[in-house]
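In UniProt numbering, the protein residues as written are 1 to 185.
Heads up, the thing below is written out as C-alpha cells.
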Amino acid sequence: MSVGAYRDVMASIPAPRVSLEPWSEDDLDLLRRTNTPEMTQYLGGPETEEQLLARHRRYLDPEANGSMFRVVLLPVGQVVGSTGFWDHAWGGGPAYETGYGIVPEFQGRGLAVAATLAVADRARADGRHRFLHAFPSVEHAASNAVCRKAGFELVEQAEFEYPKGHLILSNVWRMDLWAPVSGSQ
C-alpha cells in the first residue's frame, strides 16, 4: 500500500473520543498505575511513594502546577490516562508545556493523540501563551509520534531536565495555538 493510500485509509477511521476531567483526590491511583518502569523508562524511572504524593498534591493545585486532567475514554467513561499543561519558558519567551500518559492496556489506540489535541484546546482557550511545547526523549518513538500526529512542529533537539537533576536529550515540539485550527487534524 502506498503512503498516500495508507493516509487515505487512516483519515477515514474515526478518532477515539476522550474527555478531560479535572484532577481530583481520587486520581492518586492513576499516578501509581503509570509509575512503572515501562511507563517511566524515558523519564528517569519510577518515583518513590513520597514523590508520587507530592506530585498528586501539585496536580490538585492549579496555581502550583497548571491544569492537570484525567483522560476519560468516551462513551464508556473509563479513565485511561492523564494529561495537562502548565507555564514554561522556552526560546526566550513564555509558553505552555504539556505531558501525557496513557495506561499500558489502552496504548496504541490513538488516545494520547486525542488527549493531546483536547489539552491543546484547553490551553488555546486559556489564551495566555502562543505556544504549547512537548519535550519527549529523542529515543521515545511513540511519544514523538503523538506530537507529530497531533500537529506539533519539530523545532530542535535540546537537553531537557526531567525530573530535576536528570538531563535527557529531547525533541522540542511546538504547536502554535494562535494559528487557525484545521478541521482535519
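Beta carbons are placed, not taken as given, at the ideal position from N, Cα and C, and that holds for glycine.
- Trp23: buried (16+ other C-beta within 10 angstroms of its C-beta) or exposed? Classification of Trp23: buried, given that the 10 Å Cβ count is 16 or more.
- Name the two residues that bound the continuous beta strand (DSSP E) containing Ser82. 78 to 90
- Query: If you run the structure through DSSP and keep just helix, strand and coil, what is His140?
  - Reply: coil
- Item | Inside the segment 99 to 126 only - beta strand (DSSP E) runs reaching at least 3 residues | Runs found: none.
- Task: Under 6 angstroms Cβ to Cβ from Glu161, same chain only, skipping five residues before and after it: list those, please.
- Result: Leu167.
- Query: Should the segment 73 to 82 be called in touch with the segment 105 to 114, which here means at least 3 C-beta pairs below 8 angstroms?
  - Reply: In short, these stretches touch, since the Cβ pair count reaches three.
- Message: Buried or exposed, going by whether 16 or more other CB atoms sit within 10 Å of the CB of Glu97?
- Response: buried
- Message: Starting from Leu74, trace the alpha helix (DSSP H) in both directions and tell me its first and last residue.
- Response: Unbroken run through Leu74: none, as it is neither H nor E.
- Task: Ignore the nearest five residues each way along the sequence and tell me which others in Gln41's own chain have a CB closer than 6 angstroms to its CB.
- Result: none
- Message: Quick check: what's the CA-CA separation for Ser170 versus Leu31?
- Response: 23 angstroms
- Message: Going by the DSSP bridge assignment, what does Gly44 pair with across the sheet?
- Response: Beta-bridge pairing links Gly44 to no other residue.
- Item | Expected contact under 8 angstroms - CB spacing of Val172 and Glu156 to nearest Å | 5 angstroms
- Query: Going straight from the alpha carbon of Ile102 to that of Asp176, what length do you get?
  - Reply: Straight-line Cα distance between these residues: approximately 24 angstroms.
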